[in-house]
Amino acid sequence: MTLDFESKLGNISPNFVDRFESLVKSLSQFGGGAESARYTSGKSFSSAYELYIYAFFLGLASDRTYEMIAEEKKSKFMEIKHWKPAALKDQLIACAIGEAGIDLFQLQFAEEDSQVQTVVREVRDIIESYANGGLQLISEKFEENPDARHDDDFFLKLMLEFQKSD
Amino acid sequence: MISKKIDRKEVLAVLLDAEISRRELSSNNLSSDAIQFSSKDGPFFQALKGLAIAMSEGDGERAARKRVNQKIEDSVKGMSDDC
Amino acid sequence: MIVEGLQLKNFQCYAGEIEENTFRFTRGLNLIIGENGSGKSKIWDAFYWVLYDEIFQSDQREFVRTSVYKEQLIADKAKYECDRGESVDAKVILTARTSTNKVYKVTRVYKATKMEDGSFVGSDRSNLIIEEKKSTRWETLTPDRHESIIDTIIPSHLRKYMWFQGEHINQLMDLRDKSALSNVIELLSDIKTYNSLIEITKNGSRDATRALQSARRSSSQDSSKASDLDRSLIVNNDLLARRVTQQDKSKQERQTAEGLRDDLLIQVDTARERRGLAGELKQVEGEISSLSRDFDLKIEAISKNLITRQWVLMHCESSLKKFEDRYSEFDRRCHDYKKSFDNDVSPLPVDIPRPVDIRQMLSAEVCMVCGRDAKQGTSEHHHIAELLNRIDKAKEEPFLNDTQPYLSGLYRTTLEHAIKRKEIRSDISSEYEAISDLRAKIDRKNQDKKSLLNQLPGGVDQQDLSSGESILNQFNMHDRRAQDAEREIRECEEAIKNLRALIAKEGEELAGIAGAGIPLEKIVAAEVWEKLLDVAEDARRRVFQGIVDDLELRANEIFSDMTARTNSITGRLRLEVTAANTCIPKIVDSAGNTLAGSNDSNIILIKLALIMAVLTAKQKWSENYALIADAPTSKMAENYSDGFYAALSANFEQSIVVTYDFLDDEGRQRLKDLHIGEVYLIKSSHGSEERESRHDLKVTRERVTL
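Residue numbers (the numbering used here), protein chains in the order written: chain A, 11 to 176; chain B, 328 to 410; chain C, 3 to 708.
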């Protein structure tokens, strides 16, 4: 019997803080969209979740976290289970689990839903924290240099800045 | 349309000139009556003269031909009279 | 005929009385000098109008009759000052003296009346009066004499060559028009005489031959054969004549076609080259376009690749390592736990012995494995009963919430992608390399494009691809025409040869069956006329060639005089006589090669030289008639125009030129050595302040001496 850790993880709809809403909307085709439509509207990410994935890894690479306080208004994203490509989503979850410091073994003995939910929430918090951290970093960079958003390789270059001893 | 009178001597000279050089070019074409033609009273020379006069007098075509034919006739008569 | 004077009253901008607007002329080069717009062209107009009752309208570029032009003829100032109900007139008077010292005065008047509303009603016609000076008085001539007097002043067929406007020179002597010069020669020479000579001798010969044949026929011993031969001779002679005409035509065709073809020769090479270049250009542009597309796609994809090629994972090894470590530990602990869990369970496999066997052993109270008794209540019996429970217990899971399958899946995924993650850096590098490769290729192609465009001055347009086609097509067409004409010429030659032989044979036959008694003069006449025809044709050829040679010589003399003051490479005029007795003008260098692209001033000068040569040829028109030109040098550079004026003064008894050259005194010094007649400076002025008003427009003239 499992309390469906996998599907609970899949159901995570991570939040982003409202102050990043315009950023998100301007950089991605909110709600998804056809590939070609993305180009004509000049957005770098076809779906908002792609931006989120990027923001998460950016936050991770730059070690930027954002403290998600309850008072700050937040908006939700699409559930993780719909994110594509699947392998990337899985590796994202793996990183989050890695960083989350969860006792996986104890999870094997969870008897109630709530126990699993707690772990899931921890994973979600990690994801949100790094992702919003990443969004904040992007936001700061744009403030420094408003033209940067028109740079085709801005996001790539930003990511490359953070060399970690891998 | 040409209002100016043609110089008959000029025309005659040109015609003669043409005839002479033509002969030089085709010297083996001379007819047996060449001798007659080369004389000033000969029909050919007379005809040339008649033509030149017709031009300078401003004869119409028929008149010109008539004049030339007359010259030929007169010359031939003269020839046969001589014989 | 020397033009002695021109007088204007209220004619166009020349407001005022006759005395105020009188120009006197003498022999030599007469000049009327004024700025553009000062009214000098109107003087040329006056000359033309007084004789021909027409005004040249420059905007429509055509001559307009007085009946159409009407009161526009009359000066605005005069019309303005005229009272309502009164009339006003414009008048031009030309006086001329012939070589026999006859003096004529030609006066033309046009009248209009001012209506109450200020508009003008002009008459439909102007009035022409021609008078001849008879010692002290002027005798008015009857209108039937007008035409011939005017023709004496300037013959109608000479008019366009002697009274011209500078902007029309190109049309006057269009060198591309092969018949232009032939027409000029025909018009201005007595070549027509020789044409009529040929007609006369042709017809004379035809008639004399017919008369002879008819005489032969009637005296013939075999009259039916004679008349057959006679008929046949007539038919064949006719055919011969037509063949000769046809051959002449073909010769002309060939000449024309070859000329047109050769003209295109240079263009064809150029066209071919351009077409090749244009094709190359198109291809390069296509390559640039496709490379650019690829480039754009790659650039677009950079951000995309972060997700699709998982470039975002470039820095997460440490996090994944943490996960892997955690997972490894998790897995180990699970494994250990499972192991100990399993140890609680019987070492026997779950299904041995079978439940049915166990129940049997219980009821039999015997262990069938070892044979020992297992009575109820004993530990042995309990042990066997426990075996049943084992199955149930075996169905128990060690874990309540087994996330291992899922987590091991995650683990596997991270392992599987490890290599891919390691290659991210080099993947990014090679992508950038590919992009910069494309950029370099595009740059190279753009260089190629630039160098191609340099070889195609003026760039490429659809014209190029298609005009190149059409030039080639035209070239081939003319070439074909030339060859076709050549073929026709040969065919005709053959036919002519055969016909002549046939005619000779038939003539001999006819002579053979002729009886005696044919009048000698008929025989002689036929021969004489035939020779006359030959002579006439030959004479015409010579005369034509003579005129052409003379013309060429004179034109080149005049031309080199005119260009003596310039240093540029000039070229020479050559007149080529063609088989069909037309004359084609060409401009050649000293080696006789056709010069392409002579500069414009050269060409204008050559045309003028040709015109002047024609006019100064045997007929000595230049002695007898005045050349009247309006701005003839308008298309020439200054050092060229000096040569032109020198040639005018040297070659023409009288010339009257209206021009904007020599406006300043210094400029006029250049005329010192020429035979100069009268010189006038004209200026237009407005009496009032209002510049726009034509009501006060007057032209003042000032006679100057050099």
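Just so it is clear, CB atoms sit at the ideal spot from N, CA and C, and this is done for glycine as well.
As the structure is a prediction and not an experimental result, all values here were calculated from the model.
Distance check between L315(C) and each of D429(C), V681(C), I193(C) places D429(C) closest, using alpha-carbon atoms only. Among the residues facing chain C, E384(B) is not included, as its CB has no counterpart in that chain under 8 Å away.
Distance between I426(C) and Q312(C), taken at the CA atoms: about 8 Å. Contact note: K324(C) reaches chain A through G108, E109, using a C-beta cutoff of 7 Å and chain order.
Within the region 546-575 of chain C, no residue has a Cβ lying closer than 7 Å to any Cβ of chain B. For V590(C), the secondary structure class from DSSP, reduced to helix, strand or coil, is strand. Within the same chain, Cβ atoms closer than 6 Å to the Cβ of W531(C) are found at G206, S207, A210, the five residues on either side in sequence being excluded. With a cut-off of 8 Å on Cβ pairs, the region 387-397 of chain B is not in contact with the region 661-668 of chain C, counting fewer than three such pairs.
Between F49(C) and I605(C), the gap from beta carbon to beta carbon reaches 8 Å or more. Contact check for L522(C) and V403(B): beta-carbon distance about 6 Å, within the 8 Å limit, so the pair qualifies. The region 377-386 of chain B makes no contact with the region 62-79 of chain C: fewer than 3 CB pairs, one atom from each, lie closer than 8 Å. Residues of chain A whose Cβ lies closer than 8 Å to the Cβ of R328(C) are, in chain order, I107, G108, I112, L114. DSSP places L458(C) outside both helix and strand once states are collapsed to three, so it counts as coil. Around Y62(A), the same chain offers F87, A141 as residues with beta carbons nearer than 6 Å, after the five sequence neighbours per side are excluded. In the three-state scheme derived from DSSP, where H, G and I count as helix and E and B as strand, I515(C) is classed as coil. Within chain B, no residue has its CB atom less than 7 Å from the CB of L512(C), the nearest being about 17 Å off. Neighbours of K533(C) across chain B, judged by C-beta separation under 7 Å: F371. Here Q406(C) carries a helix assignment [DSSP, helix/strand/coil]. Between D100(A) and T415(C), the C-beta spacing is below 8 Å. Of the residues T144(C), E680(C), N307(C), A538(C), the one whose Cα lies closest to the Cα of I200(C) is A538(C). For E625(C), no CB of chain B lies under 8 Å from its own CB, so it is not counted at the interface with that chain. Burial state of T97(C) is buried, judged by a 10 Å Cβ sphere holding 16 or more other Cβ atoms.
Using a Cβ-Cβ cut-off of 8 Å, I156(C) does not count as an interface residue toward chain B, since no Cβ of chain B sits closer than that to its own. As far as DSSP is concerned, R63(C) takes part in no beta bridge.
Secondary-structure assignment with DSSP links V706(C) through a beta bridge to V681(C). Neighbours of N345(C) in chain A, taken as residues whose beta carbon is under 7 Å from its own, are absent, since the nearest beta carbon is some 18 Å off. The shortest C-alpha to C-alpha distance from A110(A) to any of E289(C), L458(C), D55(C), Y329(C) is the one to Y329(C).
Taking C-beta atoms under 8 Å as the contact rule, L512(C) and A228(C) qualify, at a distance of about 6 Å. For A243(C), the closest Cβ of chain B is not nearer than 8 Å. Residue range 42-54 is occupied by the alpha helix (DSSP H) that includes K44(C). In the three-state reduction of the DSSP assignment, Q167(C) falls in the strand class. Contact annotation for F401(C) against chain A: Q118, F119 [CB-CB distance below 8 Å, chain order]. Contact between V659(C) and P634(C) holds: CB atoms are separated by about 7 Å, below the 8 Å threshold. Taking the CA atoms as reference points, Y682(C) sits about 6 Å from I35(C).
A direct Cα-Cα distance of roughly 9 Å separates L70(A) from C105(A). Contact between the region 247-263 of chain C and the region 485-505 of chain C is present: three or more C-beta pairs spanning the two stretches fall below 8 Å.
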